[in-house]
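Before any comments, here is the structure.
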Amino acid sequence: MYYDFKEIEKKWQKKWLATGAFRASCDQKRKKYYLLEMFPYPSGKIHMGHVRNYTIGDVASRFKSLEGYNVMHPMGFDAFGQPAENAAIKNKTKPADWTHKCIKEMETELKKMGFSYDWEREISTCDSDYYKWNQWIFLKMFERKLAYKKASQVNWCPSCQTTLANEEVIEGGCWRCHTKVEQKELEQWYLKITEYKERLLEDLDQLKNWPPRVLAMQNNWIGKSSGVDIYFRLKGSDKTIPVFTTRPDTIFGATYIVLAPEHPLVKDLIKGNPQENTALEFIKKISGISKIVRSASDVKKEGVFTGSFAVNPVNNEEVPIWIADYVLMEYGTGAIMAVPTHDQRDFLFAKEHKLPMRIVIKPKDNPVNSAQELTEAYEGQGVQVNSGKFDGLPNEEAKIKIAQWMEEQAFGKIKTHWRLRDWLISRQRYWGTPIPIIYCPVCGVVPVPYQDLPVKLPADAPFTGEGGSPLGKVKKFVETKCPKCKKEAKRETDTMATFFDSSWYFLRFCSPGFDKAPFDVEEARYWMVVDQYIGGIEHAILHLLYSRFFTKFFQDLKMIDFTEPFDKLLTQGMVLKDGEVMSKSKGNIVDPDSMIKNYGADSLRLFILFAAPPETELEWDQRGLEGAFKFLNRVWRIQENLKNTGDPEILRSLHRTIKKVSEDFAGFKFNTAIASLMELTNSIYQLGCDKEIFSKLLIMLSPIAPHFCEELWEILGNKTSIFKSSWPKFDEKLLVEEKVELVVQVNGKLRSKIQVGRDITEDKLKELVLKDEKVASWLEGKSPKKFIVVPRKLVNIVI
RNA sequence: GCCGAAGUGGUGGAAUGGCAUACACGUCGGUCUCAAAAACCGAUGAGGGCAACCUCGUAAGGGUUCAACUCCCUUCUUCGGCACCA
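The numbering of the first sequence is the numbering used here, which starts it at 2 and goes up by one.
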């Protein structure tokens, strides 16, 4: 017979909810622990990814609570966004109705998993009580000129009919629908995240408990590169062309310069020259090629001569000016100095177009004397040559000296370029936070006054997915009065990107009902920072970077006194089926709901934690789930056969297990924690145990299989919840074995094992080991050269 | 190209200088049963040997060490991020 998981799970879920078992409140006397999992988009059904993410969080949360921490473990919904609009178009419903229905369904599913959320803190970003504060934050940023509007080339997804942030373009496609992203000239709202670039980069050092790859990704994305802007004078003109380089040490080797085809100076440079027509044709050709094709690394570098020359400021040498497709207008100054001897791209280009080369850095060993001998550019370290007064210096030293010298001579300026761009946040969509701005024909751009917030999203909008901001078609919404001059004015009709909503929700959880500010400063002082954050790696850049940015902004508003929101970050691996990510299109989805129906939530939780460590990918294994279920049944049967007295050997095992499981839980190594619980269970199953030992086993298992353990706990006669008990402590004395088994090696190879007392002296041990028959046969009468003893572990005899 | 992570039985994985393969899945054999399921017991890296045992074995090669999956060097492969970034 199997234990009745259906009844048991229903019973305890009801009880936990009725007693408010996981309600958290500020208590200065107790140490707090804020555990947060990335909140979901309410699609209606939870998938295995959610199950894994939230199970990891739930176990950690329940464990910390048993350890005595005041734990906050909230849940909410990232409820604005495009799927609601798409679903509404398809089903002819309203996005709000669809979203609320999905939230209801999802709450039910999460409750069925037995997660220990404080449901009283639940938030939905689509509630005006929430998005009002998005608008408030936007206005604060607007006041500080961190929110601004500008016209420029923007990423446009033709399928979603909206703009996208740089972070939302993945491999040239829309992050949501993968449609190829186009460029469009539009006037849009931006957040000046670049204002925070130095802090966003430097503070990565504080994040000691983040996975290295996430730090690396953020580092890459911010993309700092230090170098020099060098001013080349245009021959026969007083105009200068700044070029950016990270290698000022190679300036004496610059034999030509190259501009991006879109560079504003290009037209002047080619005008009237014999090369004009060829150049214009080339520019036209390049402008027709999309950025993605152009940036593919295997494409041959093409370019043309402009017919003009520039003067290298360090040696007054005249160098030809070229245009080439491999120079990008978006980076640096849109122009480079080419040093073919020390840059591989320049080398290939110079070979192709027969441009001059000059060596300026020689490696210590095997130096090449003439540029003709080079088969590739030398990009390594060496000593300066052909570099005027810098000859003989190691190039790393020259890099600094030349840069400083150029700045003194006004040949250039030391400069840092960044990859990070400002964050485009306006979207031409309906289901999002209205941007609180009014356009007045007299006063211009006017922010909505704070007391008029929220600017509510109208319940109805004629959206069809066919372009244009849907809010623009709602007269009642658009037409308003200017807050300043009270004349007729129009509202902004774009809404905010949904990543705005999730950039500060972790603060809202501290005081979800607070109505005077986005969050109660006092509550946040107690609960923040988030001690443990758990979520998918797909948010390594987007959400985590934006949240760090907002946190620094709140710090500048003096609302908080920390700089980073998340202390520890765990990025859980994906759940795979047959080696592939589960997806609807592949038809390889395993539905959590049917697994709960057949084996119970506790078995599902147990399996998903046991099958792999949290960070690595997890291969779904139906038989593994059955194995988890079998294990729980085994534990159940122990309860039916409890003895009155405990076995001393079992007691020892128990204390070893407590030590191991405590360490493993603290380090999020649930798979090995479960393995040792299984080992203990196996020996108890054979030797039996008493109620006291069994109770401790149950407490250790309870974070993983909460319903199951609550039920057995009650059967044992306890009147209060197992989660009101405390985590067992191990007795150091019981970890010590009187007799230990020692491994005996000869020349590092295992040859024998002997039983000895734990405190045996080295001399006595030596005597015993040499007497051992197996050892003696390996020694063949030779006397040992060396005798290595690792106490209570191993002996190695070297002969 | 730069940066990051990883590579261990048939499978998921364990061991972070000291018994390689814990725990589980699978497979095989057995107990119980009219039979099956469940449950229980046992075997299970490869090769050799009747056996006691022996040899090999953690992507490949080299090094450090009494001792290396673990540390160092070189190389290969896989995954992820950035990238004609000057």
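Even for Gly, the Cβ is constructed at its ideal location relative to N, Cα and C.
query = Whose C-beta lies closer than 8 angstroms to the C-beta of Tyr440 among residues of the same chain, with five residues either side of it excluded?
reply = Val446, Val447, Ala490, Lys491, Arg492, Glu493
Exercise. Can you tell me which of Pro265, Glu303, Tyr257, Trp424 puts its alpha carbon nearest to the alpha carbon of Thr279?
Key: It is Glu303 whose Cα lies nearest to the Cα of Thr279.
Whole-angstrom distance between Gln184 and Glu318, CA atom to CA atom = When rounded, the distance between both Cα atoms is 39 angstroms.
Review point. Would Glu742 pass as a contact of Lys754 if the rule is Cβ separation under 7 angstroms?
Key: Contact: yes.
Ile438 to Val479 span [Cα, whole Å]: 11 angstroms
query = Taking C-beta to C-beta, are Thr251 and Val340 nearer than 7 angstroms?
reply = yes
Give the range of the beta strand (DSSP E) segment to which Ala445 is assigned.
Before going on, a small fix: residue 445 reads as Gly here, not Ala. Segment 445-448, the beta strand (DSSP E) holding Gly445.
Determine, using beta-carbon pairs with one atom in the stretch 545-565 and one in the stretch 201-220, whether at least three such pairs fall under 8 angstroms.
The stretch 545-565 is in contact with the stretch 201-220.
#### Entry: Range covered by the beta strand (DSSP E) that runs through Val244
241-246
ask   = Expressed to the nearest angstrom, what Euclidean distance is found between the alpha-carbon atoms of Val796 and Lys786?
value = 13 angstroms
Quick one: Cα of Ile90 to Cα of Phe464, how far? 8 angstroms
> Helix, strand or coil: which one does DSSP assign to Phe78?
Replying inline: Looking at Phe78 - three-state DSSP - the assignment turns out to be strand.
message = Whole angstroms are fine: how far does the CA of Ala166 sit from the CA of Ser288?
response = 22 angstroms
Let me make sure I understand the geometry here. Which of Pro43, Lys772, Val791 has the alpha-carbon closest to that of Gly782? The residue with the shortest Cα to Cα distance from Gly782 is Lys772.
Nearest residue (CA-CA) to Glu169, options Glu618, Glu539, Val790 | Glu539
message = Suppose only complete runs of 4+ residues qualify. What are the alpha helix (DSSP H) ranges in the stretch 332-376, listed by chain order?
response = 345-354
For Glu10 versus Ala602, is the C-beta spacing smaller than 7 angstroms? yes
inquiry  = Within 10 Å of its beta-carbon, does Val443 have 16 or more other beta-carbons around it, so buried, or fewer, so exposed?
reply    = It is exposed - the Cβ of Val443 has fewer than 16 other Cβ atoms within 10 Å.
The alpha helix (DSSP H) that contains Phe611, what's its start and end?
602-611
- Item | Residue burial classification, Asp495 (beta-carbon count within 10 angstroms, cutoff 16) | By the 10 Å Cβ count, Asp495 comes out buried.
(Q) Could you tell me the alpha carbon to alpha carbon distance between Arg422 and Leu192, rounded to whole angstroms? (A) 10 angstroms
Practice item. For Glu374, count neighbouring C-beta atoms within 10 Å of its own C-beta (all shown protein chains included) and say buried if the count is 16 or more, exposed if not. Key: Of the other Cβ atoms in all chains shown, fewer than 16 fall within 10 Å of the Cβ of Glu374; this residue is therefore exposed.
| Candidates Val745, Lys33, Val229: which alpha carbon is nearest Lys416's? | Val229
TODO: Give a yes or no on whether the C-beta atoms belonging to Met73 and Ala22 are separated by under 7 angstroms.
DONE: no
Check: What are the complete beta strand (DSSP E) segments, minimum 3 residues, inside the stretch 485-513?
Finding: 489-492
- Euclidean distance between Cα positions of Ile789 and Val799: 8 angstroms
Excluding the five sequence neighbours on either side, which residues of its own chain have a C-beta within less than 7 angstroms of the C-beta of Ala676, listed in chain order? none
Quiz item: Touching or not, the stretch 498-506 and the stretch 116-128, by the rule of three or more beta carbon pairs under 8 angstroms?
Solution: yes
- Message: Contact defined as beta carbons within less than 8 angstroms: I believe Ile561 pairs with Met529. What is the distance between those atoms, to the nearest angstrom?
- Response: 7 angstroms
query: For Ile705 versus Trp714, is the C-beta spacing smaller than 7 angstroms?
result: no
Ser273 to Leu281 span [Cα, whole Å] = Looking at the sequence provided, one finds Gly at residue 273 rather than Ser. Using only the alpha carbons, I get a separation of about 12 angstroms.
Notebook entry, point to check: Going straight from the alpha carbon of Tyr35 to that of Thr94, what length do you get?
Noted result: Taking C-alpha positions only, Tyr35 is separated from Thr94 by approximately 38 angstroms.
Checklist entry - From Gly647 to Asp579, what distance separates their C-alpha atoms? => result 45 angstroms
Checklist entry - Under the rule that 16 or more other beta-carbon atoms within 10 Å means buried, what is Ala525, buried or exposed? => result buried
Should the stretch 674-692 be called in touch with the stretch 650-658, which here means at least 3 C-beta pairs below 8 angstroms? yes
If you count every other CB in all the chains shown that lies within 10 Å of the CB of Pro115, and 16 or more means buried, which is it? For clarity, residue 115 is Gly in the given sequence; the question names Pro instead. So Gly115 counts as buried.
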